[in-house]
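Below is one structure, written out as structure tokens; the observations come after it.
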Amino acid sequence: MAASARTLLELLLLLILTITFTISINPVILVPGDGGSQITARLNKSASPIVYCEKKTNYYYTLWLDLTQITVAQDCFVDNMRLVYDNVTRKTLDSPGVSIDIPGFGSTPTVEYLDPARERFTTYYYYVVKELVKLGLTRNVSIRGAPYDFRRSPNEFQDYFKNFKSMVEETYKMNNGSRVTIIAHSMGCPTMLYFLNSQTQAWKDKYIKSFITISGVWGGAAKTLRVMASGDNLGIFILKDNIVRKYQRTATSTAWLMPYDTFWKSDEILVSRPGRNYTVKDYKQFFADLNFTIGYEMRKDTENLVKDLRPPGVEVHCIHGINVSTPASFVYGKGFPNVQPTTINGDGDGTVNLQSLHGCLRWSKQQKQPVYHHTLSGADHLKILKNQTLIDLISQIVTKKSKFSKNKLKN
């Protein structure tokens, strides 16, 4: 009898500890980076670039990421993905006859995988979500996704930010008044910085626990200049650079993420070609020489969104890779810009340059909330999301198992 009572007491104690442990973990909202959201499309087009491209569909189909379409039907994909810039409204429109939707706002599947037909090969936040579930959080309740149209930049995200703010408040209520941890990757980091800079300190104090940034593009990335000039096949060898460039140039997010003069010196050469060098001070001429002057207009619309890098006013954990060869400048020969350049590499995470990744360090002396810095040697910009060291680090942060005193930057 005494043994049974003792066993019951132990089980009750274990249950209490489990509940306490679960409640102590703040809910999480996942914000993806450039290319980290699924995009669906419905077509009602009067024309198409190639005769075999579909012009009409009665349903929304996966546009991004469909590995088959992006390789086999490249011209069709690009024509449906591209944006059209309106020089009067300073906004972008979807390609004529294309209706776009970003599925899954508030849930996790569309940020866990990019190609729903090939989940195994296109994981994104999957391993992060898997760990959070193991810790006791629940998909779509205490772990939620906030995908967005990564082709655009924050000056066109009014509806998204309104919905995001509502989701933060809703998630707070759904989880018994527990503040929210925002986890963002890549472009999602400056996107969330823009959002946080737009909120009152009282709102942030009430609803936000911390801001975990992964591979943040705080001051731009040199790689975007090659994207603008000659295109980037995304590492898919059968994808033609000059074809995908037709879409990549129209994305205002590409212009937004070009290197900033607050991170690069005015004499640092980013692009060179026979007879001409380009630095952060030469963007107008750069776009003129590309015969794509709209690109400079897009840059002017976006360059001041987070250029001053105002501190977010919340606890920050800044995480990124280092010691990975990263494009730093590009040397073009004859045929510029319709040839691929020789790439000169520097330090970074393979995509974002080290000085840009370090942008978050500035906040340690600009805000009272703590700023922690964590580096992962050899961690690639995208592959970091499945890096076990990152997964363990996120686990430690959300469960508060470590104070990270050695990683805290001095105010």
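Reminder that position 223 of the sequence shown reads as 223 in our numbering, one-by-one numbering, no gaps.
Every residue, glycine too, gets a C-beta built ideally from N, C-alpha and C.
Annotation note: the segment 102-157 contains the following uninterrupted beta strand (DSSP E) runs of length 3 or greater, listed N- to C-terminal: 143-145. Annotated as distal: Tyr-260 and Leu-270, with beta-carbon spacing of 8 Å or more.
Distance from the CA of Val-98 to the CA of Ile-243, rounded to the nearest whole angstrom, comes to 19 Å. Counted as a single uninterrupted DSSP element, the stretch harbouring Trp-64 is not any alpha helix (DSSP H) but the beta strand (DSSP E) occupying residues 61-64. Put simply, the backbone Cα of Lys-386 is about 7 Å away from that of Val-128. With 16 or more other Cβ atoms from the protein chains shown falling within 10 Å of its own Cβ, Glu-156 counts as buried. By the C-beta density criterion, Thr-342 is exposed, having fewer than 16 other C-beta atoms within 10 angstroms. The C-beta distance from Gly-145 to Leu-63 rounds to 18 Å, too long to meet the 8 Å contact threshold.
Contact check for Asn-197 against Pro-370 fails: the beta carbons are separated by 8 Å or more. Shown here for Asp-241: same chain residues with a beta carbon closer than 7 Å to its own, the five before and five after excluded, namely Ser-230, Gly-231, Asp-232, Asn-233 and Gln-340 in chain order.
Counting along the chain, the unbroken alpha helix (DSSP H) around Lys-246 starts and ends at 241-248. Within the segment 192-231, the runs of beta strand (DSSP E) that reach at least 3 residues and sit entirely inside it are, in chain order, 208-214. DSSP places Tyr-260 outside both helix and strand once states are collapsed to three, so it counts as coil.
Under the DSSP assignment, Ala-41 falls in the beta strand (DSSP E) whose first and last residues are 39-43.
Secondary-structure assignment with DSSP links Tyr-278 through a beta bridge to Val-271.
Judged by beta-carbon spacing, Ser-356 lies within the 8 Å limit of Ala-221, meaning their Cβ atoms are closer than that value.
Under the 10 Å beta carbon count, Leu-65 is surrounded by 16 or more other beta carbons and is classified as buried. About 6 Å separates the Cβ atoms of Tyr-207 and Arg-179, confirming a contact at the 8 Å cut-off.
Leu-83 sits in a strand when the DSSP states are folded into three classes. Ala-117 counts as exposed, since fewer than 16 other beta carbons sit within 10 angstroms of its beta carbon.
Sequence-distant partners of Thr-224 (beyond 5 residues in either direction) whose C-beta falls short of 7 Å from its own C-beta, in its chain, are Thr-254, Leu-257 and Met-258. Less than 8 Å divides the Cβ of Gly-188 from the Cβ of Pro-32.
In this structure, Tyr-194 is the residue among Asp-205, Gln-158, Arg-42 and Tyr-194 with its C-alpha nearest to the C-alpha of Arg-310. The beta carbons of Arg-226 and Pro-327 sit closer together than 8 Å.
C-alpha of Asn-44 to C-alpha of Thr-375: approximately 47 Å in a straight line. Distance from the Cα of Asn-163 is smallest, within the candidate group Phe-105, Trp-218, Gln-199 and Asp-308, for Phe-105. Taking 8 Å as the upper bound for CB-CB distance, His-320 and Ser-215 are in contact here, some 5 Å apart.
Contiguous alpha helix (DSSP H) elements confined to the segment 291-337 occur at 294-302, taking only those with 4 or more residues. For Ile-50 and Asp-75, the gap between their C-alpha atoms comes out near 7 Å. For Lys-91, the enclosing beta strand (DSSP E) has its first and last residue at 91-94. Counting along the chain, no alpha helix (DSSP H) covers Ala-184; the unbroken beta strand (DSSP E) around it starts and ends at 180-185. For Lys-204, the closest C-alpha among the options Thr-181, His-185 and Trp-218 is that of Thr-181. In the three-state reduction of the DSSP assignment, His-358 falls in the helix class. In the structure shown, Lys-56 adopts extended strand secondary structure according to DSSP, grouped into three states. The C-alpha of Gly-335 is placed about 10 Å away from the C-alpha of Pro-274. Rounded to whole angstroms, the gap between the alpha carbons of Thr-389 and Gly-359 is 22 Å.
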